[in-house]
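Sequential numbering of the sequence shown, starting at 1155, is according to the working numbering.
Working notes, structure below.
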Amino acid sequence: MLAEIEDALRQYVSTEWSEADVLFWIGKKRFALDVPAIDTNLRAPLADFLLCGGKRSRPTLFLTILGLFGADWKQRLDLAVALELAHNATLIIDDIEDSAELRRGKPTCHKTFGLDTAVNTGTAAHLLPMRLLMRAKGLTEKQKLRLMEVYAEEILNVYFGQTLDIAWHKAPRAHSVEEYLEMTRLKTGGLVRMATRAACIVADREDLEAAMVDFSELAGVAFQIKDDALEFTGDEATFGKSFGNDISEGKMSLPVTLALGKLPADESAALLRTLGAHTRDRAELRATMDTIRGTGAVDEAVAYAEKLVDDAWNALSPKLTGMPEEAVAAFKAVTYGLVKRSK
């Protein structure tokens, strides 16, 4: 499945765009169209970012759910591309907002192509999926409308979650675990919900949409918690981000949230000051990360994520009774793979 997703992505962005390729996205032209400029300043940075790696978790989840429902997932690779484009759009914009230097082990889009091109590429990558949704073959107009509604709803949720994330790292303060979970449910859960809801719509299984969403959004939250924890346990080479990146950004991750509740008042205040300083001093970052690890907050966060996905699976699995065991196992493997990973 992953190979098919990669092939589908490459079909759209890996080779130089012709005028026909550009018109696929914009519909028509009236005057003269500078195709090389569009290719160099949109297609090329998008390809550079999109094709440099990634877990392809959202399209894989979407296609796996289609298989679970007995649909031919190979006929829906265009929608898988739409999901991956949407995800990468959020990453490009997120890297700009965080002044991040590395993504997947290489310079971020704005570092390579400049801030103006990166902003434009990230914005365009949010809109390109809409063209794929509108042009999807073999779907009813009602299905297309529902897909567009879901896309708009979940992208909006992502940015409401991102609003909280930005506000918190601009002015770090202690938050409750429940506040963290809701921020993550919006920001990270949005695209996981999108993949799940889209599969239910395409496969005409909206009768299971609510139950599938209940599970998948919690799997998305667990994924983000594990991502938070990997900041403290993974190395820079395998994780693909700068050392201590979340601490430099002042991110209120779950390990940080839990640690703040465990530390004495003076140490908790010192941690908040470090987060607010956005330091890149490696010695200070290492000391701060050691402090957080020393509270047991990282291990607690991982255990929380694993329990979250276990409880969610136990609630969903009875509703999958009667479906092919192999397909159910594949679905479980994909969702559990979001949490039980090392990078």
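Cβ coordinates follow ideal geometry from the N, Cα and C atoms, glycine included.
Because the structure is a prediction, the values reported are computed rather than measured.
Check	Outcome
Contact set for V1367: own chain, Cβ-Cβ below 7 Å, skip 5 residues either direction	R1347, T1350, R1351
Continuous alpha helix (DSSP H) stretch holding H1432: start and end	Counting along the chain, H1432 falls outside any alpha helix (DSSP H), and DSSP gives it neither H nor E.
Neighbour-count burial assignment, A1469, 16 or more Cβ in a 10 Å radius	exposed
Stretch-stretch touch, CB-based, cutoff 8 Å, three pairs: the region 1434-1452 with the region 1402-1422	yes
Among S1253, W1227, T1277, nearest to L1156 - alpha-carbon criterion	W1227
Local conformation of P1261 per DSSP, three classes	strand
A1481 beta carbon less than 9 Å from that of G1224	yes
N-terminal and C-terminal residue of the alpha helix (DSSP H) that L1177 is part of	1173-1180
CB of P1190 within 9 Å of CB of A1272, strictly	no
G1394 - DSSP class collapsed to helix/strand/coil	Because the pLDDT at G1394 is just 49, under 50, the model does not fix this residue reliably, and the value given afterwards should be weighed accordingly. Three-state result, G1394: coil.
N- and C-terminal bounds of the alpha helix (DSSP H) containing W1227	Neither: W1227 is in no alpha helix (DSSP H) and is coded neither H nor E.
Pairwise C-alpha distance: L1340 and L1408	15 Å
T1169, buried or exposed, once every other Cβ within 10 Å from all chains shown has been counted against 16	exposed
Residues that DSSP places opposite L1256 in a beta bridge	P1261
As assigned by DSSP and simplified to three states, the class of H1281	Here residue 1281 is Leu; the residue named in the question, His, does not match the sequence. In this structure, L1281 counts as helix in the three-state DSSP scheme.
Closest residue to T1451 among R1197, V1410, A1376 (Cα-Cα distance)	For clarity, residue 1451 is Ala in the given sequence; the question names Thr instead. It is V1410 whose Cα lies nearest to the Cα of A1451.
Chain-order list of residues whose beta-carbon lies under 6 Å from that of L1318 (same chain, five-residue window excluded)	M1337
Extent of the continuous alpha helix (DSSP H) run through S1471	Unbroken run through S1471: none, as it is neither H nor E.
Closest Cα partner of R1353 within the set F1178, R1164, A1234, E1332	In the sequence as displayed, the identity of residue 1353 is Ala instead of Arg. Comparing Cα-Cα distances from A1353 to each of F1178, R1164, A1234, E1332, the minimum goes to A1234.
Whole-angstrom C-beta distance between F1377 and V1456, which should lie under 8 Å	About 12 Å separates the two Cβ atoms, so there is no contact after all.
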